[in-house]
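So the sequence lines, in the order shown, correspond to chains A and B.
Using UniProt numbering, the letters of the first sequence map in sequence onto residues 1 to 189.
Using UniProt numbering, the letters of the second sequence map in sequence onto residues 1 to 426.
Virtual Cβ for every residue (Gly too), placed ideally from N, Cα, C.
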Amino acid sequence: MAEATIDNPAVADGDEGGVRRRDFIEIAAVSFGGIGALATLYPLISQMAPSRDVLAESSTEIDVSAIQPGQAVKAVFRKQPLFVRRLTPKEVAEADAVPASSLRDPESLEERTKPGHKDMLITMGVCTHLGCVPLGAGEGEVKGEFGGYFCPCHGSHYDTAARIRKGPAPTNLLVPEYEFTSETTVTVG
Amino acid sequence: MSFPWAKHYQPTNPFMRWMDEKLPLPRFVYNAIGSGYPVPRNLNYWWNFGVLAGFCLVLQIITGVILAMHYAPNALVAFDSTEHIMRDVNWGWMMRYAHANGASAFFVVVYTHIFRGFLFSSYKAPREMIWLLGVVIFLLMMATAFMGYVLPWGQMSFWGAKVITGLFGAIPLVGEPLQVWLLGGFAPDNAALNRFFSLHFLLPFVIAGVVILHIWALHIPGSSNPTGVEVKTESDTVPFHPYYTAKDGFGLAVFLVIYAAFVFFMPNALGHPDNYIPANPLSTPAHIVPEWYFWPFYAILRAFTFDFFFIPAKLLGVLAMFAAILVWFFLPWLDTSPVRSARYRPLLRKFIWFGFVPCMAALFYLGGAPAEEPFVMFSQLAAAYYFAHFLIILPIVSMVEKTKPLPNSITEAVLSKHGDAPAAAE
């Protein structure tokens with residue numbers, strides 16, 4: 001085979017009017033190999049995504065019956081802190097007093113809670129700036145200038161509806177997907 | 001270091017010209033596996049296995065690095081983390097099966113590559129250094145494969161670790177302290193598992209380093225070829241690219257079909273079911289053998305059941321097993337024939353195909369067989385023949401053999417074969 005191409009390339013290549021059989025073979029072989037290589041990349045990349053055991057831990061059940069008005073608890077959701085806070089009527093009033101349109105991330109307290117549970121504020125305890133845990137959920141912690149949460153890393157202040165009011169954070173503390181499975185039980189995730 | 005007619009790298013693209021001045025890496029690749037490397041025009045498919053071995057190394061490193069992202073080298077959780085890879089990690093089963101069968105594939109390819117060396121006396125001058133480095137690579141591969149097999153921490157892992165480190169215990173005086181030192185304990189445990197993991201991760205990169213030396217040494221005389229006659233003129237060679245990139249590409253495709261068949265349809269065909277039982281230091285599996293690629297050497301180890309003068313059988317077996325590979329280091333000087341290729345050495349060719357090959361087949365079979373009669377006796381016969389081949393048959397044959405006339409050049413051999421007579425069988 002080798003000497004045929006050396007001595008008489010035209011014959012070996014099937015040169016017919018400028019269209020070489022070899023061009024087709026080359027393009028076909030390289031495309032086939034390329035698609036195979038790309039298909040192989042998929043599992044090599046996908047293996048780094050959360051594994052089944054991590055996904056299996058992705059919902060958390062919380063009993064909220066013992067949380068008193070003005071009190072908050074820290075739970076864990078997907079290995080991150082979750083703030084569950086029962087607002088006092090005064091805190092609800094403070095949140096409602098602010099027109100949502102004036103905020104950096106306009107959202108009302110209603111939109112951030114479930115119907116009939118306006119005093120039950122459930123947010124991630126992850127500052128939306130760079131991911132630190134804000135203060136204010138624990139007993140005696142600084143709550144910031146707006147009485148909600150305060151992130152000590154870079155000075156973001158959140159109000160009683162956990163909305164960003166001052167500081168570098170771009171958005172309100174995230175409200176995860178959750179639902180009341182009974183009057184006293186919340187399933188997050 | 002290349003032939004005078006080798007094509008020169010001449011980048012036309014301005015960026016490539018700039019690159020060539022600052023860091024001539026494209027030039028290096030061009031001269032190593034591109035059009036700048038003239039290769040004998042008559043290489044047959046035996047010559048595919050070097051590239052395939054390189055592919056296997058890359059395959060093992062990629063899948064291995066991925067497995068290490070999910071594996072935990074701790075005796076308490078190693079087995080569970082292996083099952084975690086199989087059940088929880090996305091495509092984890094595929095990564096592990098690709099890696100485990102990749103080891104077997106690597107050995108199939110490398111054994112074929114080594115056998116090519118025997119058949120065409122690739123170890124002869126001026127290529128002795130390539131051969132010696134190749135034997136070093138093989139030894140590193142064996143160490144790496146052994147330590148990798150320990151990591152899943154199943155029954156075969158544990159008892160493999162115990163038995164193989166026990167080999168070092170056979171060395172007089174220092175043996176037992178050496179074994180304890182290797183294991184970091186009196187039996188394989190967390191310390192051994194951790195250091196095996198560390199070394200199993202390191203050694204493939206050492207292998208990659210020696211592979212670079214192996215290829216560097218190869219590019220000094222250039223590739224050998226099936227006639228064993230050295231390249232003389234330009235007409236004896238073709239550029240590596242596209243001629244051998246295409247031929248190696250085809251070989252790679254065939255290899256991948258077979259490899260994929262194992263990974264996807266019979267991933268455990270070459271493994272042992274006992275390794276899916278967590279390691280238990282108090283109970284040895286009934287039939288304990290290493291992975292198939294160690295069987296010939298395991299058969300030689302077990303062939304020594306008798307004390308010889310003052311040397312105990314245990315030490316003798318260990319020495320013989322290591323000697324079985326170390327003897328390869330001396331091949332370039334044991335074989336004194338001026339002719340390389342077995343194609344022109346009828347006597348050597350007969351001894352290889354009808355003596356050495358059946359002997360190796362027997363050793364492969366016997367290494368996996370139980371340690372009982374008649375297997376032990378056959379192991380002894382086969383082991384004796386194995387050493388006789390290298391130490392007696394090969395030196396004598398290379399002295400007494402009447403070789404066939406060599407062609408004047410590669411070109412002449414190729415043209416006479418394809419011009420006058422129908423292609424002779426290999």
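Non-local C-beta neighbours of His389 (chain B) in its own chain, meaning closer than 8 Å and more than five positions away in sequence, comprise Phe351, Gly355, Phe356 and Cys359, ordered along the chain.
Apart from sequence neighbours up to five positions away, the residues of its chain that approach Val142 (chain A) with a beta-carbon distance below 8 Å are Leu135, Gly136, Phe150 and Pro152, ordered along the chain.
One thing to note: His99 (chain B) has its Cβ no nearer than 8 Å to the Cβ of Leu57 (chain B). Bounds of any alpha helix (DSSP H) do not take in Gly147 (chain A); it lies within the beta strand (DSSP E) bounded by Gly147 to Cys151.
For Leu133 (chain B) and Ile212 (chain B), the gap between their C-alpha atoms comes out near 10 Å. About 37 Å separates the CB atoms of Gly167 (chain A) and Ser182 (chain A); that is not less than 8 Å, and the two are not in contact. Rounded to the nearest angstrom, the gap between the Cα atoms of Ala369 (chain B) and Ala269 (chain B) is 16 Å.
Residue pairing by DSSP places Asp63 (chain A) opposite A:Thr185 in a beta bridge. Assignment of His157 (chain A) by DSSP, reduced to helix, strand and coil, places it in the strand class.
At least one CB atom of chain B sits nearer than 8 Å to the CB of Leu44 (chain A). Exposed is the label assigned to Val254 (chain B), since fewer than 16 other Cβ atoms lie within 10 Å of its Cβ.
Taking 7 Å as the upper bound on Cβ-Cβ separation, chain A lies near residues Val89, Asn90, Trp91, Gly92, Met94 and Met95 of the stretch 89-107 of chain B.
In this structure, the beta-carbon distance from Gly125 (chain A) to Pro81 (chain A) falls below 8 Å.
Per DSSP, Phe115 (chain B) is one residue of the alpha helix (DSSP H) stretching across Gly92 to Leu119. Cβ proximity to chain A below 8 Å picks out Ile62 and Ile66 from the stretch 44-68 of chain B. Secondary structure note for Ala29 (chain A): its alpha helix (DSSP H) is the uninterrupted segment Arg21 to Ser46.
A Cβ-Cβ contact shorter than 8 Å links Phe196 (chain B) with Val150 (chain B). For Thr123 (chain A), the enclosing beta strand (DSSP E) begins and ends at Met120 to Met124. In the DSSP assignment, Lys314 (chain B) falls within the unbroken alpha helix (DSSP H) covering Ala313 to Leu326. The Cβ atoms of Thr237 (chain B) and Pro4 (chain B) do not sit closer than 8 Å to each other.
Of all residues in the stretch 49-66 of chain A, only Ala49, Ser51, Arg52 and Asp53 come within less than 7 Å of chain B when Cβ atoms are compared, listed by chain position. Contact annotation for Gln47 (chain A) against chain B: Ile66, Val89, Asn90, Trp91, Gly92 and Met95 [CB-CB distance below 7 Å, chain order].
Bounds of the beta strand (DSSP E) holding Thr237 (chain B) are Thr237 to Pro239. Distances from the alpha-carbon of Pro188 (chain B) to those of B:Leu23, B:Trp93 and B:Ala75 put B:Ala75 closest. DSSP places Lys74 (chain A) within a strand segment (E or B) once states are collapsed to three. Of the other Cβ atoms in all chains shown, fewer than 16 fall within 10 Å of the Cβ of Gln10 (chain B); this residue is therefore exposed. According to DSSP, Gln80 (chain A) shares a beta bridge with A:Phe77. Rounded to the nearest angstrom, the Cβ distance from Ala362 (chain B) to Ala384 (chain B) is 11 Å, too far for a contact under 8 Å.
Shortest Cα-Cα distance from Phe294 (chain B) to any of B:Phe322, B:Phe250 and B:Leu315 involves B:Phe322. Looking from the CA of Ile137 (chain B), the closest CA among B:Tyr111, B:Pro152, B:Gly154 and B:Ser122 belongs to B:Tyr111. Chain order gives the chain A residues near His84 (chain B) as Ser51 and Asp53, where near means a beta carbon separation below 8 Å.
Straight-line spacing of the CA atoms in Pro346 (chain B) and Ala208 (chain B) works out to 37 Å. The count of Cβ pairs closer than 8 Å, one atom from the stretch 200-207 of chain B and one from the stretch 79-99 of chain B, stays below three, leaving the stretches out of contact. The shortest CA-to-CA distance from Ala72 (chain A) to any of A:Gly138, A:Thr160 and A:Arg165 is the one to A:Gly138.
Assigned with DSSP and collapsed to three states, Lys402 (chain B) falls in coil, not helix or strand. DSSP, reduced to helix, strand and coil, places Ile164 (chain A) within a strand of the structure shown.
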